[in-house]
Every structure is written in structure tokens, then in C-alpha cells.
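Peer 1: There's a structure below that I have some questions on.
Number of protein chains: 2
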Amino acid sequence: MKILKSIPYDELEIGRTATFSKTLTEEDLVLFARTSGDVNPVHLDEEFAKGTPFKTRIAHGMWSAGLISAALATVLPGPGTIYLGQNLSFRRPVLLGDALTVKLTVSGKQDEKKWVTIDTEVFNQDDKLVVKGDATVMAPAKSGEVTAPDLPKVTVG
Amino acid sequence: MKILKSIPYDELEIGRTATFSKTLTEEDLVLFARTSGDVNPVHLDEEFAKGTPFKTRIAHGMWSAGLISAALATVLPGPGTIYLGQNLSFRRPVLLGDALTVKLTVSGKQDEKKWVTIDTEVFNQDDKLVVKGDATVMAPAKSGEVTAPDLPKVTVG
Chain A
1 MKILKSIPYD ELEIGRTATF SKTLTEEDLV LFARTSGDVN PVHLDEEFAK
51 GTPFKTRIAH GMWSAGLISA ALATVLPGPG TIYLGQNLSF RRPVLLGDAL
101 TVKLTVSGKQ DEKKWVTIDT EVFNQDDKLV VKGDATVMAP AKSGEVTAPD
151 LPKVTVG
Chain B
158 MKILKSIPYD ELEIGRTATF SKTLTEEDLV LFARTSGDVN PVHLDEEFAK
208 GTPFKTRIAH GMWSAGLISA ALATVLPGPG TIYLGQNLSF RRPVLLGDAL
258 TVKLTVSGKQ DEKKWVTIDT EVFNQDDKLV VKGDATVMAP AKSGEVTAPD
308 LPKVTVG
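Chain order of the listed sequences is A and B. Numbering-wise, the first sequence is residues 1 to 157 according to this note's numbering. Numbering-wise, the second sequence is residues 158 to 314 according to this note's numbering.
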């Protein structure tokens with residue numbers, strides 16, 4: 001059982017950082033295509049992908065953005081966070097087996113609305129920046145802990 | 158078999174529009190959580206969600222952004238598009254059963270780099286704006302058609 005902690009607005013000092021990591025699998029590609037409807041063959045068809053500038057299948061850019069969402073919702077600030085906005089710049093392709101790490105850094109606070117801006121960078125296993133951007137969130141109202149929900153079993157193929 | 162058409166840079170006149178629609182299912186929520194690692198209980202645990210401002214489970218904001226990715230990759234400009242950036246403002250919650258429509262509108266072109274900017278709006282079945290933003294893409298080099306890949310069978314539960 002994984003425990004997720006919420007960090008409230010008052011504890012989110014500027015410069016605070018957190019990370020979240022995940023490795024891209026074949027299953028991730030297929031499930032992202034299924035849930036989003038994005039069946040672009042560059043993500044799914046190796047023969048097609050050979051004819052692209054990338055020469056092999058790559059992740060959906062928005063899959064890497066999903067990891068940013070996961071980092072915000074499960075680590076910093078954690079459950080109760082309301083996602084208001086995100087800017088994304090896709091810098092490098094992400095290949096099967098790449099181990100990505102999202103790095104979050106609190107960059108600004110707006111006391112009136114309790115909004116927090118967070119720099120969001122995603123690096124691969126070679127420390128190369130693959131996605132850069134920033135998020136705007138409303139932080140959780142109070143600190144707390146919640147058990148991460150169990151997901152139903154998912155079978156592919 | 159679904160055919161996906163690529164629209165090259167020269168045919169992307171300013172003001173051209175396209176749409177892409179998808180309805181949020183329980184399976185979509187679970188698969189997005191699985192592929193991204195975003196197990197925020199507001200998306201997965203109805204009891205937890207009752208205690209939030211939304212009173213019920215909502216979609217991951219980045220799931221709706223995935224629909225924008227699908228619209229760009231499969232409709233306008235279609236396969237061969239390289240996704241460079243995306244700005245997102247999450248305006249309203251998306252609930253189970255909501256039927257979303259992504260509306261794309263070509264808003265700018267940069268001849269030197271062949272980059273195209275596209276306004277990206279996502280509406281629900283009541284024509285309420287749920288996500289607003291804009292995308293920057295490199296358009297496909299030439300027109301063409303490709304068969305949408307078949308996805309492997311996915312079973313949940």
C-alpha cells in the first residue's frame with residue numbers, strides 16, 4: 001500500500017523540489033493510444049516509424065506530460081491539488097525503455113488565490129531534457145495522507 | 158480500417174478547422190492512471206471524490222490534453238506531424254460520460270521553420286469550454302494516407 005501525502009499551500013516554499021520517475025514500456029504506449037484515441041503510427045507501427053526522422057517508435061509527447069500530472073498529484077503538492085494550467089515544450093523524443101524523471105521546483109506563489117507555479121522538467125536516463133514547462137496549481141487546503149487507490153488488473157494482447 | 162490523412166504545410170491555411178470527439182469512460186480513467194502513474198484518488202475513488210469541490214470523480218486534466226494530441230496526430234495536420242509545444246488552461250471538470258469535442262483552428266504559420274500554431278479548444282456536450290490552449294507543430298512534409306494501426310486487445314478488471 002502506497003501512501004500519498006498532501007502538502008498544503010503554506011508549506012510550499014519557493015525552491016522546494018520533488019521528483020517522480022517512470023520507464024516507458026510497450027504497454028504504456030498501447031494504453032496511452034487506447035485512452036486518448038491517439039493512434040498515430042509513429043507510436044505504434046515500427047515499420048512506419050523507420051521512415052520518420054526518429055527511425056523508431058517514440059512516446060506520445062503527451063504521455064510524458066502525463067508523468068508531470070502524476071508528479072503533481074502524487075508527490076508535490078499531492079492529493080487535493082487542482083490542476084489549473086500547464087505549458088509544455090517537447091524537446092527530445094522518448095524511446096521504449098527510456099527511464100524518465102520529472103523534476104518539480106516551486107517557482108512562485110500567489111497568496112490571494114492560493115495558486116502555486118511549479119517549474120516542470122522531464123529528463124531521460126542520460127540527463128537530457130525531453131520536456132520543459134511550468135504548471136499552475138491550486139494547492140491542497142490542508143496536509144493529510146491518503147492510500148493510493150489500487151487499479152483494476154489491465155491485460156494487453 | 159480507418160484511413161488517416163496527412164495535410165502538408167502548404168495546405169494548412171489560416172482559419173482551417175477540424176474536430177475530434179471522444180466520450181470519457183471508466184476504462185479511459187483507469188488506463189490513463191495506469192499509463193501515466195497518476196493514481197490521484199479524485200479520479201479513481203468515488204468516496205474520496207465526494208469530499209472534493211467536484212463531489213464526484215473527474216478526468217485527469219491531461220487526459221483531455223491527450224485528446225488534443227489525438228486530434229493533431231490523426232486529423233489536422235495528421236500523421237507525420239511533429240508536436241513541438243502545447244499550452245493548456247484547464248477550465249472545467251470533465252465527468253464520466255462527458256462527450257468531449259476538440260476543436261482545432263490554424264492560427265499562424267512560420268514559413269522559415271514550417272511551424273504551425275493551432276488554437277486548441279475542448280468543449281463538453283453542453284458546449285462549455287473545458288480546456289483552452291494552443292499547439293505548435295511541424296506539419297507533415299507531404300500529403301499522404303496511412304491506415305490507422307490496430308491496437309492489441311485491452312482488458313480491464
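We put the beta carbon where it would ideally sit given N, CA and C, even for glycine.
1) Rounded to whole angstroms, what's the CA-CA distance from A/R108 to A/I82? Just pull it up for me.
2) Taking Cβ to Cβ, would you say A/G85 is nearer than 9 Å to B/F247?
3) To the nearest angstrom, how far is the alpha carbon of B/L253 from that of B/E269?
4) Using a threshold of 9 Å, state whether the C-beta atoms of A/P79 and B/V232 are closer than that.
5) Does DSSP put B/I225 in a helix, a strand or coil?
6) For chain A, check one thing: does any of its Cβ atoms lie closer than 9 Å to the Cβ of B/E184?
7) Since B/L240 meets chain A, which of its residues come closer than 7 Å, beta carbon to beta carbon?
8) Which word fits A/I14, buried or exposed, when buried means at least 16 other C-beta atoms lie within 10 angstroms of its C-beta?
9) Give the residues of chain B in contact with A/V130, contact being defined as C-beta atoms less than 8 Å apart.
10) Residues of chain A with a CB under 7 Å from the CB of B/L253: which are they?
11) Over the uninterrupted alpha helix (DSSP H) stretch that includes B/D185, give me the two end residues.
12) Against A/T161, what residues of chain B qualify as contacts under a CB-to-CB distance less than 9 Å, listed in chain order?
13) On the three-state DSSP scale, how would you describe B/M219?
14) Checking contacts by CB at 9 Å: is A/Q86 closer than that to chain B?
15) Using 8 Å as the threshold, is the stretch 162-180 of chain B in touch with the stretch 288-297 of chain B, meaning 3 or more CB pairs across them?
Peer 2: Taking the structure as given:
1) Residue identity differs from the one stated: residue 108 of chain A is Gly in this sequence, not Arg. Their Cα atoms are separated by approximately 16 Å.
2) yes
3) 43 Å
4) no
5) helix
6) yes
7) Inspection of the sequence shows that residue 240 of chain B is occupied by Tyr rather than by Leu. Here the neighbours are G61, F90.
8) exposed
9) Chain B residues near A/V130: none, gap ~12 Å exceeds 8 Å.
10) Near B/L253 there are no residues of chain A at all, since even the closest Cβ is about 13 Å away, more than 7 Å.
11) 183-193
12) Chain A is shown from 1 up to 157; residue 161 of chain A falls before or after that span and cannot be answered.
13) helix
14) yes
15) yes
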